[in-house]
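Data first, discussion second: the structure below is written as structure tokens.
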Amino acid sequence: MAPRTNTSAPYDGYHQTWIGASDSVLTQVGPGTPCGEYLRRYWQPVELAKEVGERPKLIRVLGEDLVLFRDKSDRLGLVHKNCPHRRASMEFGICEGGGIRCCYHGWLFDVDGTVVEAPGQPDGVDERIQASTRLGAYPVREYQGLVFAYLGPPESVPEFPIYDTLEMPGHEMVPYKAPFHCNWIQVQDAILDPLHTAFLHSRMSRQQFSEGFGEIGEMKFYERPSGYIGTATRRVDDNVWVRVNELVLPNYTQAGAAFAADGTAQRYFGRTSFARWVVPLDDTETMCFAWAVFGDRGDPPEYNTPEGPELIEQGEVFDRPYEERQRFPADVEACEGMGVFSEHEKENLVPSDKGIQMYRRRLRELIGALQDGKEPPHATSIWPNPLPTYGGDTVLTVPANGGDDRKLLQKVGMAVMEIQFAAEHLKGEERDQQVIAALKTLEAEGVAA
Ligand code: FES
Ligand SMILES: [Fe+2]
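Each residue of the sequence shown is one higher than the last, beginning at 7 in my numbering.
What follows is the structure, given as structure tokens:
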């Protein structure tokens, strides 16, 4: 086999045929794996609520085959696929008022997995069956059209997180899901990679979002108690556009508007236009569950069409002919093209990858700590609901002053974030007012040279 060498010699294919390892600590998510255990400490979306109807639905989450159902009392249940009696699949079960009934011998299970009836037995459900037998089940809740589940230890169910952008008056939340046929971490990485927007979504493809995304801008990354923020600050004529991407650990992300914000018009504390979780179905399949957000601080309501969420998510619709995918690649082409598992060992990371490096390092630390018995932090243990978030766009009129404009952009970007951080203890209208007033003051007074 050719040796593993790092070389920049010309025509070096022969020396690069070795298989690079993927980071298995981050890529493996099944039950009992370190990362799988970590992700199981958080509520995760598992399906669109509208797809849970009168028949049970077989789904896969974190490497587990599960059956999601809505019983006739309108209660959601999420249970292990196989019946604890003799292992028939609950996907063929019948939803009733009191839970789900297995098709094979008619045992009825409540949404928490309790055996309610075991018909055909001499004593019905005797205490012995109930004491020794239970269908594996998980807590579920429906929120804004998504179904969430908690697959971790039942003795430590975390508070359900409600982010401040998810209940903004006048904004419409449209739930959607986007499949990626590859490992989750290479999908997740993109949110802390603001540079890809200028290339993948603008220069290398067609202009998939607004025109200003083609500018690279000044990038900065922030480590926060519950996650990461990546900002890209661009000049658009006399305006400075600060775009904020955000990741709340472990896998919730927000970004600003895809179409409404282009830096040409002032915008004060614009909020996210897509809020999404990158959920591993297993090691090789990923599903992004998300909302597209339409309204005056997200993307404009005219984009609220059947394709709108797909365009906000990817810059392109999801199902496209191969030739079109080649001519106009979007996120799914970039991520799936790496292979099912990216060979992390063969990456050559550069300064613009700093956000990804920080994030992966933190994940490894938290995963390791959990293995040592230290439970990971939750945003809800730092702040009460609704949780402060930052993803969005601010555009201020700050003309170039004849000095070093890159420095000016950096200062404006940092000042905009400091204003948001200073108000993170406030809620709703009060926070908006303080942030927006401070942004207008910044715009009027400028930043110190
Ligand atoms: S296998 Fe489910 S009731 Fe028998
Ligand atoms: Fe992207």
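Glycine is no exception: its CB is placed at the ideal position from the N, C-alpha and C atoms.
(request) Using alpha carbons as the reference points, say which of 403, 172, 200 and 379 lies closest to residue 303. (result) As a working note, residue 303 is residue 297 in the sequence shown. The option with the nearest alpha carbon to residue 303 is 172.
(request) Using 10 angstroms around the beta-carbon of residue 157, count the other beta-carbons present and answer buried if the total reaches 16, otherwise exposed. (result) Start at 1 with the first residue of the sequence shown, and residue 157 comes out as number 151. Residue 157 is buried by the Cβ-count criterion.
(request) Keeping to the same chain, check which residues put their C-beta closer than 6 angstroms to that of residue 228; ignore five residues upstream and five downstream. (result) Translated into positions along the sequence shown, residue 228 becomes position 222. Counting only Cβ-Cβ distances below 6 angstroms, and skipping sequence neighbours, we find 235.
(request) Specify the secondary structure class of residue 96 as computed by DSSP and reduced to three states. (result) If you number the sequence shown from 1, residue 96 lands on position 90. The answer is helix: DSSP assigns residue 96 an H, G or I state.
(request) Kindly list the residues whose CB is nearer than 6 angstroms to the CB of residue 165, restricted to its own chain and excluding five residues on each side of it in sequence; keep chain order. (result) As a working note, residue 165 is residue 159 in the sequence shown. These residues qualify, in order along the chain: 386.
(message) I'd like to know if the region 48–61 and the region 260–274 are in contact, where contact means that at least 3 CB-CB pairs between them fall below 8 angstroms.
(response) no
(request) For residue 305, verify whether its CB is less than 7 angstroms away from any heavy atom of ligand 2. (result) Residue mapping note: residue 305 aligns to position 299 of the sequence shown, counting from 1. Outside the cutoff, so no.
(message) Given the structure, does residue 112 come close to ligand 1, in the sense that its CB is under 7 angstroms from one of the ligand's heavy atoms?
(response) The sequence position of residue 112 within the sequence shown is 106, counting from 1. Because some heavy atom of ligand 1 lies under 7 angstroms away, the Cβ of residue 112 counts as near it: yes.
(request) State buried or exposed for residue 283, treating a residue as buried only when at least 16 other CB atoms are found within 10 Å of its CB. (result) Counted from its first residue, the sequence shown places residue 283 at position 277. Residue 283 should be labelled buried.
(message) Helix, strand or coil, according to DSSP, for residue 359 in the structure here?
(response) As a working mapping, residue 359 is identified with position 353 in the sequence shown. Reduced to three states, the DSSP call for residue 359 is helix.
(request) Taking residue 40 as part of the alpha helix (DSSP H), name the residues at either end of that continuous run. (result) Numbered from 1 along the sequence shown, position 34 holds the residue referred to as residue 40. Counting along the chain, the alpha helix (DSSP H) containing residue 40 begins and ends at 40–45.
(message) Rounding to the nearest angstrom, what Cα-Cα distance links residue 239 and residue 247 in this structure?
(response) Here the question's residue 239 lines up with position 233 in the sequence shown. Here the question's residue 247 lines up with position 241 in the sequence shown. Roughly 5 angstroms between the two C-alpha positions.
(request) Return the chain-ordered ranges of every beta strand (DSSP E) run that is complete within the region 370–434 and spans a minimum of 3 residues. (result) You should have 398–403.
(message) As a quick exercise: from 344, 350, 249 and 259, pick the residue whose alpha carbon is nearest that of residue 197.
(response) Numbered from 1 along the sequence shown, position 191 holds the residue referred to as residue 197. The option with the nearest alpha carbon to residue 197 is 259.
(message) Check for me: the beta strand (DSSP E) holding residue 53 runs from which residue to which?
(response) Here residue 53 refers to the residue found at position 47 of the sequence shown. Where residue 53 is concerned, the enclosing beta strand (DSSP E) stretches over 50–54.
(request) Could you name each continuous alpha helix (DSSP H) segment of 4 residues or more that falls completely within the region 248–321, going from the start of the chain to the end? (result) 314–320
(request) Just the C-alpha distance for residue 7 and residue 364, rounded to the nearest angstrom, thanks. (result) If you number the sequence shown from 1, residue 7 lands on position 1. If you number the sequence shown from 1, residue 364 lands on position 358. Confidence at residue 7 is low in this model, with a pLDDT of 44, below 50, so the placement of that residue should be treated as unreliable; the coordinate-derived value is given next. Taking the CA atoms as reference points, residue 7 sits about 34 angstroms from residue 364.
(request) Sort 454, 278, 337 and 433 by Cα distance to residue 397 and report the nearest one. (result) If you number the sequence shown from 1, residue 397 lands on position 391. That would be 278, whose Cα lies nearest to the Cα of residue 397.
(message) Judging by CA-CA distance, which residue of 116, 111 and 109 is the nearest neighbour of residue 103?
(response) Looking up residue 103 in the sequence shown gives position 97. Comparing Cα positions, the closest option is 116.
(message) Following a CB-centred definition, is residue 202 positioned closer than 7 angstroms to any heavy atom of ligand 2?
(response) For this step, residue 202 is matched to residue 196 along the sequence shown. Because some heavy atom of ligand 2 lies under 7 angstroms away, the Cβ of residue 202 counts as near it: yes.
(request) Classify residue 428 as buried or exposed, calling it buried when 16 or more other Cβ atoms lie within 10 Å of its own Cβ. (result) Locating residue 428 in the sequence shown gives position 422, counting from the first residue. Result: exposed.
(message) Quick check on the DSSP output: the beta strand (DSSP E) that includes residue 86 runs from which residue to which?
(response) As a first step, residue 86 must be located in the sequence shown, where it is residue number 80. Counting along the chain, the beta strand (DSSP E) containing residue 86 begins and ends at 82–86.
(request) List the endpoints of the continuous beta strand (DSSP E) containing residue 241. (result) On the sequence shown, residue 241 is found 235 positions in, with the first residue counted as 1. Judged by DSSP secondary structure, residue 241 falls within the beta strand (DSSP E) whose first and last residues are 233–242.
(message) Would residue 319 and residue 280 be called neighbours here (beta carbons separated by less than 8 angstroms)?
(response) As a first step, residue 319 must be located in the sequence shown, where it is residue number 313. As a first step, residue 280 must be located in the sequence shown, where it is residue number 274. Cβ atoms of residue 319 and residue 280: closer than 8 angstroms.
(request) Using DSSP bridges, identify the partner residues of residue 139. (result) Within the sequence shown, residue 139 is the residue found at index 133, counting from 1. Per DSSP, none; premise fails for residue 139.
(request) Whole angstroms is fine: what's the gap from residue 113's alpha carbon to residue 106's? (result) On the sequence shown, position 107 is the one that residue 113 refers to. On the sequence shown, position 100 is the one that residue 106 refers to. Here the C-alpha atom of residue 113 lies approximately 8 angstroms from the C-alpha atom of residue 106.
(message) Once the 5 residues before and after residue 314 are set aside, which same chain residues still bring their CB inside 8 angstroms of it?
(response) In the sequence shown, the residue the question calls residue 314 occupies position 308. Cβ neighbours of residue 314 beyond the five flanking positions: 180, 298, 300 and 305.
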